[in-house]
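Sequential numbering from 30 applies to the sequence shown in the working numbering.
Report on one structure; see the data block that follows.
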Amino acid sequence: MNLTTILLTKESGYALIQFNRPEVLNAINMKLMEELVSALEELDKDGDTRCIILTGNEKAFAAGADIKEMAEASAMEMLQRDQFARWDRIRKIKKPIIAAVSGFALGGGCELAMTCDIILASESAKFGQPEITIGVIPGAGGTQRLTRAVGKYKAMEMVLTGAMITAEEAKQWGLVVKVVPNEYLVEEAKNLAKVIASKPPVAVRLAKEAVLKSFDTTIEGGLEFERKNFYMLFASEDQKEGMKAFVEKRKPEWKGK
Ligand code: DAK
């Protein structure tokens, strides 16, 4: 695939996707979304990749969906473009995705970060859902994921005012797991990706699934789901290897099955 809006680098165990529309602060147009989703789906199938990092540049992770591309669209055109289908495909990626955020993560950019599984931020990161200031509301999960991450009152303030929060605030509120100096952001994300890539892949997959399940089920249903995944791992060679290696006081060697 000839990529023009993203850059893709594969390293041992993980891959890094960098948004590449710096002239518009990585505004997410349809092309970028298509390239991103296709790359993620390829990486999800790729045996060597166990974790994926999404990042932007120092000025912007992504300043939202491309306003110029949708400004004149009618409701019917928006419906026919069916862009939500692409966002849904990201939700179905089985491998863990880390968002490494510097600069603006606004609107669809903030929503994209929240679609990832872990968010790391640099000191310059700013998160916001400014859609209200241009006459719409978050459309790619912002009202739901932000509320679950930071609670009703902070989410309501952000969504109703369009105000941005800093990296430090995002961390205090539980949206971001760690804030690092700008120049260390990607390195930090790579270190985290390497740790995740060193874990048994099937367990990683089922762990991600189980945590995500908590968003759309009752505690009873979630516990049931977790238990089934737990039992299932006893059918994996990696469970046998992991426990045997512990008993034998050696490092496990994962087979990914
Ligand atoms: N779209 C298009 N271009 C953008 C952009 C955006 N979201 N954000 C910035 N740019 C462009 C600017 O137009 C400018 O281009 P030129 O004028 O130089 O050609 C260039 O990037 C640099 O921006 P600024 O000159 O404005 O830079 P500043 O540092 O002064 O300001 C800023 C930075 C981030 C505060 C400002 O650019 C800004 O307010 N940007 C817009 C932020 C925003 O409102 N974001 C939310 C967009 S709505 C959907 C899924 C999701 C969504 C919608 C549908 N479906 C699945 C259907 C999401 C919607 C949104 O995200």
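Ideal Cβ placement from N, Cα and C applies to all residues, glycine included.
Predicted model, so just to flag it, every value in this text is computed and none were measured.
request  = Drop a sphere of 10 angstroms on the beta-carbon of residue 61, count the other beta-carbons inside from all chains shown, and report buried for 16 or more, exposed for fewer.
outcome  = With 16 or more other Cβ atoms within 10 Å, it is buried.
message = the ligand DAK and residue 95: does the residue's C-beta get closer than 7 angstroms to at least one heavy atom of that ligand?
response = With a threshold of 7 angstroms, the Cβ atom of residue 95 counts as near the ligand DAK, since some heavy atom of the ligand is closer than that.
ask   = Beta carbon of residue 196, beta carbon of residue 206: below 8 angstroms?
value = No, they are not a contact pair.
task = Classify residue 180 as helix, strand or coil using the three-state DSSP reduction.
result = Note: residue 180 maps to coil in three-state DSSP.
query = Going by the beta-carbon positions, is the gap between residue 123 and residue 237 smaller than 8 angstroms?
reply = Taking the C-beta atoms as reference points, residue 237 is found nearer than 8 angstroms to residue 123.
message = Measuring only from the beta carbon, is residue 169 closer than 7 angstroms to any heavy atom that is part of the ligand DAK?
response = Under cutoff, so the answer is yes.
task = Note down, in chain order, each residue of its chain lying with its Cβ closer than 6 angstroms to the Cβ of residue 47, except the 5 sequence neighbours on either side.
result = So the qualifying residues of the chain are 36 and 84.
key: Burial state of residue 248 (16 or more Cβ within 10 Å)   = Counting the other Cβ atoms within 10 Å of the Cβ of residue 248 gives fewer than 16, which makes it exposed.
query = Is it right to say residue 132 is buried, meaning 16 or more other beta carbons lie within 10 angstroms of its own, or is it exposed?
reply = Residue 132 should be labelled buried.
inquiry  = Output needed for residue 55: all residues of its chain with C-beta closer than 6 angstroms, excluding positions within five of it in sequence on either side, in chain order.
reply    = The answer, listed in chain order, is 48, 85, 89 and 91.
ask   = Any chance the stretch 99-111 sits against the stretch 135-150, with 3 or more Cβ pairs inside 8 angstroms?
value = At 8 angstroms Cβ cutoff, the stretches do not touch.
ask   = Any idea what DSSP makes of residue 47, helix, strand or coil?
value = Strand at residue 47.
task = Count the CB pairs spanning the stretch 108-128 and the stretch 180-200 that are closer than 8 angstroms, and state whether there are at least three.
result = No, they do not touch.
ask   = Is residue 50 buried or exposed, if buried means 16 or more other CB atoms sit within 10 Å of its CB?
value = Per the 10 Å Cβ criterion, buried.
query = Closest to residue 212 by CA distance: which of 30, 72, 154 and 40 is it?
reply = Of 30, 72, 154 and 40, the smallest CA-CA separation from residue 212 is found for 154.
ask   = Which residues in the same chain as residue 107 place their Cβ atom closer than 8 angstroms to its Cβ, once the five residues preceding and following it in sequence are excluded?
value = Closer than 8 angstroms at the Cβ level, and outside the excluded window around residue 107, lie 99.
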